[in-house]
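S.K.: Okay, handing you the structure first.
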Amino acid sequence: IGNGNVATGNTNTINIGATATSTGKNVVTIGSTIAASSLTLQGGTGHINLLSTGNIIIGTSDTTGTLLVLDTKTGAGDPTGVNGGLYYNSNSTQLRGYINGAWNTIGGTNTGTTIPTTNLYDGRTFRLRVGSSPYEFIDLVYDATYAKWVSENSLLFGTIGTSGGGGDYDTLSVGNSDYTVRGTPVAYKNLYNAGLRLQIRQYGMFQSSVAATYTTTYNVDLQDAPNFNSSGTRAVLSSGFVSASIGGLSNNTWYGRDSTWSQVAVDGTSRDQLTVTWRWSSAGTQTMYANARVETRWVSQ
4 IGNGNVATGN TNTINIGATA TSTGKNVVTI GSTIAASSLT LQGGTGHINL LSTGNIIIGT
64 SDTTGTLLVL DTKTGAGDPT GVNGGLYYNS NSTQLRGYIN GAWNTIGGTN TGTTIPTTNL
124 YDGRTFRLRV GSSPYEFIDL VYDATYAKWV SENSLLFGTI GTSGGGGDYD TLSVGNSDYT
184 VRGTPVAYKN LYNAGLRLQI RQYGMFQSSV AATYTTTYNV DLQDAPNFNS SGTRAVLSSG
244 FVSASIGGLS NNTWYGRDST WSQVAVDGTS RDQLTVTWRW SSAGTQTMYA NARVETRWVS
304 Q
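Structure, rendered in structure tokens:
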């Protein structure tokens, strides 16, 4: 109506097009497409509801595209959620969706050189980039119970059994000498300096050729390693870093022992890599067969 303002209603319900043509089809148009015209729909805490038994369509099919822009939250953390809720969090640069009673990342920046310390929630994922081109990458998941970022478990080395004696084995010994099964270098410095710490666990399985009352001991040792593209030593940094033993073995029966995760305390500020070895010994003179499995993971501080 001209160029003036029109105000309608107070506490009454206003219906537009509800019964305009009796039982006929209603087409209700609100707003204008002229120049920079805009349309604002406002509601209080009672929400704005779009109800339809058909589709709710935004824009038309064309080469331009129409954006549906969600609300932006600039601070850390999520608002109170309801299933199906969506919003954009500029603090974490992520599109967030409330699914099955919990906020989840729908999309957005999830790769960087610094481990996130804000907007943390159980199951959040992050790809850490360290070093220089072509870089090292590691995928992390935040565990709210542990309150840390954790990588997937990685099999550092495991045995490939060969048939012999009382069963499949990776190595055997006679007597009580130490037997180093395997040593493997682990890239260390870049992830250490990014705030991650290496954790290791082992699993050993043994079989004796006779019934034994003495003890078999197995260890994960940490040794120094030459830095990349240079020479150096392999001095022992931690002998028996992870250690366990088993005794009273029966003839031709396999026995296994698992260890808990242990965190490596070796300084990695300038140490490119560590050498992780598995070593075992038997106190008797009988023939022993052994299998080994050593796993690693990286955990934030």
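Residue numbers (the numbering used here): 4 to 304.
By construction, the Cβ of each residue, glycine as well, lies at the ideal position given by its N, Cα and C atoms.
Kindly indicate which three-state DSSP category Lys-28 falls into: helix, strand or coil?
M.R.: In the structure shown, Lys-28 sits in coil (DSSP, three-state: anything other than H, G, I, E or B).
S.K.: Assuming contact is defined by CB atoms lying nearer than 8 Å, are Met-291 and Phe-231 in contact in what I supplied?
M.R.: No, they are not a contact pair.
S.K.: Grab me the residues of Ile-118's own chain with a C-beta within less than 8 Å of its C-beta, minus the 5 sequence neighbours each way, in chain order.
M.R.: Excluding residues within five positions, the ones whose Cβ falls inside 8 Å are Phe-129, Leu-131, Leu-143, Trp-152, Ala-197, Gly-198, Leu-199, Ser-303.
S.K.: Can you tell which of Tyr-149, Thr-116, Gly-134, Gly-115 has the C-alpha that lies nearest to the C-alpha of Tyr-124?
M.R.: Ranking the options by Cα distance to Tyr-124, first place goes to Tyr-149.
S.K.: Can you check the region 242-275 for any beta strand (DSSP E) of at least 3 residues that lies completely inside it and give the ranges in chain order?
M.R.: With a minimum length of 3 residues, the continuous beta strand (DSSP E) runs that stay inside the region 242-275 are 257-261.
S.K.: Give the DSSP-derived three-state secondary structure of Tyr-195 in the structure shown.
M.R.: DSSP places Tyr-195 in helix when its eight states are reduced to three.
S.K.: Tell me whether Tyr-91 sits in a helix, a strand or coil according to DSSP, three-state version.
M.R.: In this structure, Tyr-91 counts as strand in the three-state DSSP scheme.
S.K.: Going by the CB atoms, is the gap between Asp-74 and Arg-99 shorter than 8 Å?
M.R.: Result no, Cβ atoms of Arg-99 and Asp-74 do not sit closer than 8 Å.
S.K.: Looking only at DSSP bridge pairs, what is Tyr-101 linked to?
M.R.: Its beta-bridge partners are Trp-106.
S.K.: How far does the beta strand (DSSP E) with Ser-303 in it reach, from first residue to last?
M.R.: First-last of the beta strand (DSSP E) with Ser-303: 290-303.
S.K.: Below 8 Å on the Cβ atoms is my contact criterion, and I expect Asp-224 with Arg-282 to pass it. Report the Cβ-Cβ distance as a whole number of Å.
M.R.: The pair is a contact, with the Cβ atoms about 6 Å apart (cut-off 8 Å).
S.K.: To the nearest angstrom, how far is the alpha carbon of Thr-299 from that of Ile-102?
M.R.: In a straight line, the C-alpha of Thr-299 is about 32 Å away from that of Ile-102.
S.K.: Taking only the alpha-carbon atoms, compute the straight-line gap between Asn-193 and Tyr-206 and give it to the nearest angstrom.
M.R.: Whole-angstrom Cα-Cα distance: 27 Å.
S.K.: With DSSP as the reference, please indicate the residues paired to Val-153 in a beta bridge.
M.R.: Bridge partners of Val-153: Val-144, Val-302.
S.K.: For Ser-95, I'd like the list of residues in its chain whose CB is within less than 6 Å of its CB, leaving aside the five on either flank, ordered along the chain.
M.R.: Around Ser-95: Asn-122.
S.K.: Whose CA, out of Thr-16, Pro-229, Val-267, lies closest to the CA of Ser-241?
M.R.: Comparing Cα positions, the closest option is Val-267.
S.K.: Roughly how many angstroms separate the alpha carbons of Gly-169 and Gly-243, rounded to a whole number?
M.R.: No answer about Gly-169 holds up, because its pLDDT of 40 lies below 50 and its placement is not dependable.
S.K.: Please list, in chain order, all residues of the same chain as Val-239 whose beta carbon is under 7 Å from its beta carbon, the five residues on each side excluded.
M.R.: Asp-224, Gln-226.
S.K.: If you follow the beta strand (DSSP E) that Val-223 is in, where does it begin and where does it stop?
M.R.: Segment 218-227, the beta strand (DSSP E) holding Val-223.
S.K.: So, is Trp-264 buried or exposed, given that buried needs 16 or more other C-beta atoms within 10 angstroms?
M.R.: Exposed: under 16 other Cβ atoms inside 10 Å.
S.K.: Measure the alpha-carbon distance for Ser-211 versus Val-297 and round it to whole angstroms.
M.R.: Whole-angstrom Cα-Cα distance: 21 Å.
S.K.: Can you tell me which of the three DSSP states Ala-190 falls into?
M.R.: Correct three-state label for Ala-190: strand.
S.K.: Determine whether the beta carbon atoms of Val-245 and Arg-204 lie at a separation below 8 Å.
M.R.: Going by C-beta atoms, Val-245 is nearer than 8 Å to Arg-204.
S.K.: Starting from the Cα of Arg-274, find the closest Cα among Gly-47, Ser-40, Pro-229, Gly-259 and give me that residue.
M.R.: That would be Pro-229, whose Cα lies nearest to the Cα of Arg-274.
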